[in-house]
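S.K.: Take any residue in the sequence shown, count from 1 to its spot, add 956: that is its number in my numbering.
Built from N, CA and C at the ideal position, the CB exists for glycine as well.
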Amino acid sequence: MTSPTPARRHESGTDKLLAEVAGPVATVTFNNPARRNALSAEMRDALPPLLAALNADDDVRVVVVTGAGDAAFASGADISEFGAQRTDPADRAAYDRGQAALTRAWAAVDKPVIAMIRGFCLGGGLVTALQADIRIASDDSQFGIPAARLGLGYGFSGVTALMSLIGPARTAEILFSARRFPAAEALRMGLVNQVVPAGDLRPAVFGLAEAISRNAPLTIAAAKAAIREAALPAEMRDVARVEAMVEACFRSADYLEGQRAFADKRPPAFTGH
């Protein structure tokens, strides 16, 4: 269930990207339903500062990412912009720099991110969903990466994101075939965590978000950092950073609160300090 606290807005600078905070949960919505929530340049440019603002918001403990309406989470990059942005080498280089900045912005979010997926989750939309820590999809969702049908070169970062989650054989099948596949198959691949009936999607996602928000923020941040570092090659891991975050948990007031709450047989009231 969502929080009864009145929602407040985080401005993104475009009406195609909405963000509101209700209690401890922020919801980011791709709001381009006329194009099945295709990710326009305007939306991609607005995402990094918005993600930074949500990450800095002390009231936010969980971020939910979704698409407006029932037709799509995000149907990929806006193909109508390809001629101007992804044809000339200089334009492609600028596009790639923007994508790299967006990837860094997602990586800088140290709070849990849940992708709430309904309808089409294709191409850049699927890669966006991979930035989330947890993906929950409705049973009528469809997934795929149509790059091979468009003739465009698929970026290395997108390939590695897929491979780290589902392995090289499944990644090859998705990229080579360019086919769409249903939510049940995405679940078997390990691409999503859960598939639920469409009518149950919102309660499932926000129920999980609320449950996570009640847990210790420092512990969750340390766990998220450890998961990310573990996915890197051993020589690239910043284990010292993770160890420092774990030590901070033990030195926190929340650690003492957790012990007191356990002894008192009551829910803990964590503050993130």
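Quick one: grab the DSSP three-state call for P1102.
M.R.: Taking the sequence shown and counting its residues from 1, one reaches residue 1102 at position 146. Of the three classes helix, strand and coil, the one that applies to P1102 here is coil, per DSSP.
S.K.: What number of angstroms, rounded off, separates the C-alpha of F1137 from the C-alpha of G1146?
M.R.: Here residue 1137 corresponds to residue number 181 of the sequence shown, with the count starting at 1. Here residue 1146 corresponds to residue number 190 of the sequence shown, with the count starting at 1. So the two alpha carbons sit approximately 13 Å from each other.
S.K.: Exposed or buried, L1212, counting other C-beta atoms within 10 Å across all chains shown (16 or more means buried)?
M.R.: By one-based count along the sequence shown, residue 1212 stands at place 256. It counts as exposed.
S.K.: If you draw a straight line from the alpha carbon of P1200 to that of P1189, how long is it in whole angstroms?
M.R.: For the purposes of this step, residue 1200 is taken as residue 244 along the sequence shown, with counting starting at 1. For the purposes of this step, residue 1189 is taken as residue 233 along the sequence shown, with counting starting at 1. In the sequence as presented, Pro is not what sits at residue 1200; that position holds Ala. Spanning the two alpha carbons is a distance of roughly 20 Å.
S.K.: Quick check on H1229: does DSSP put it in helix, strand or coil?
M.R.: Here residue 1229 refers to the residue found at position 273 of the sequence shown. H1229: coil per DSSP, three-state reduction.
S.K.: If contacts are defined as beta-carbon pairs under 8 Å, then G1032 and A975 qualify, I think. What distance do you get, rounded to the angstrom?
M.R.: Against the sequence shown, residue 1032 aligns to sequence position 76. Against the sequence shown, residue 975 aligns to sequence position 19. Incorrect: roughly 21 Å between the Cβ atoms, too far for contact.
S.K.: Helix, strand or coil for E976? Go by DSSP, reduced to three states.
M.R.: The sequence position of residue 976 within the sequence shown is 20, counting from 1. E976 falls in the strand class under three-state DSSP.
S.K.: What is the DSSP secondary structure of Q1150, reduced to helix, strand or coil?
M.R.: Translated into positions along the sequence shown, residue 1150 becomes position 194. DSSP places Q1150 in strand when its eight states are reduced to three.
S.K.: Mapping the DSSP letters down to three states, classify A1064 as helix, strand or coil.
M.R.: Here residue 1064 refers to the residue found at position 108 of the sequence shown. A1064: coil per DSSP, three-state reduction.
S.K.: Could you tell me the distance, in whole angstroms, from the CA atom of G979 to the CA atom of A1104?
M.R.: Against the sequence shown, residue 979 aligns to sequence position 23. Against the sequence shown, residue 1104 aligns to sequence position 148. Roughly 43 Å separates the two Cα atoms.
S.K.: How many whole angstroms separate the CB atoms of A982 and V1019, which I take to be in contact at a CB cut-off of 8 Å?
M.R.: Along the sequence shown, one-based indexing puts residue 982 at 26. Along the sequence shown, one-based indexing puts residue 1019 at 63. So it is a contact: roughly 5 Å between Cβ atoms.
S.K.: If I follow the unbroken beta strand (DSSP E) through M1072, where does it start and stop?
M.R.: To locate residue 1072, count along the sequence shown from 1; it is residue 116. Run containing M1072: V1069 to I1073, per the beta strand (DSSP E) assignment.
S.K.: Does the beta-carbon of A1139 have 16 or more other beta-carbons within 10 angstroms, so that it is buried, or is it exposed?
M.R.: As a working mapping, residue 1139 is identified with position 183 in the sequence shown. Buried, because 16 or more other Cβ atoms sit within 10 Å of the Cβ of A1139.
S.K.: Taking the Cβ atom as the reference point for each residue, do S1113 and V1148 lie within a distance shorter than 9 Å?
M.R.: As a position in the sequence shown, residue 1113 is number 157, starting the count at 1. As a position in the sequence shown, residue 1148 is number 192, starting the count at 1. Not closer than 9 Å, so no.
S.K.: Using the C-alpha atoms, what's the distance from K1067 back to K1180?
M.R.: Residue 1180 sits at position 224 when you count from the first residue of the sequence shown. Residue 1067 sits at position 111 when you count from the first residue of the sequence shown. Distance between the alpha carbons of K1180 and K1067: 8 Å.
S.K.: Quick one: Cα of D1210 to Cα of A1167, how far?
M.R.: The residue you call residue 1210 lines up with position 254 of the sequence shown. The residue you call residue 1167 lines up with position 211 of the sequence shown. Looking at the two C-alpha atoms, the distance is approximately 17 Å.
S.K.: From D1014, F986, T970 and N988, pick the residue whose C-alpha is nearest to that of V977; which is it?
M.R.: Position 21 of the sequence shown, counted from the first residue, corresponds to residue 977. Closest by alpha carbon: D1014.
S.K.: Got a sec? Which residues, its chain only, sit under 7 Å from R1135 by beta carbon, not counting five neighbours each side?
M.R.: Counting from 1 along the sequence shown, the entry for residue 1135 is found at position 179. So the qualifying residues of the chain are G1100.
S.K.: From the DSSP secondary-structure annotation, give me the bridge partner or partners of S1031.
M.R.: Numbered from 1 along the sequence shown, position 75 holds the residue referred to as residue 1031. Note: S1031 sits in no beta bridge, so no partner.
S.K.: Which same chain residues end up closer than 7 Å to H1229 when comparing Cβ atoms and leaving out the 5 residues on each side of it in sequence?
M.R.: Residue 1229 sits at position 273 when you count from the first residue of the sequence shown. Cβ within range, chain order: S1208, A1209 and D1210.
S.K.: Please list the terminal residues of the continuous beta strand (DSSP E) segment that includes G1023.
M.R.: On the sequence shown, residue 1023 is found 67 positions in, with the first residue counted as 1. Here the beta strand (DSSP E) through G1023 covers V1018 to G1023.
S.K.: To the nearest angstrom, how far is the alpha carbon of G1081 from that of A1182?
M.R.: Reading the sequence shown from its first residue, position 125 is the one you call residue 1081. Reading the sequence shown from its first residue, position 226 is the one you call residue 1182. Distance between the alpha carbons of G1081 and A1182: 26 Å.
S.K.: For V984, which residues from the same chain have a beta carbon less than 6 Å from its beta carbon, with the 5 sequence-adjacent residues on both sides left out?
M.R.: Taking the sequence shown and counting its residues from 1, the one referred to as residue 984 is at position 28. Closer than 6 Å at the Cβ level, and outside the excluded window around V984, lie A975 and V1021.
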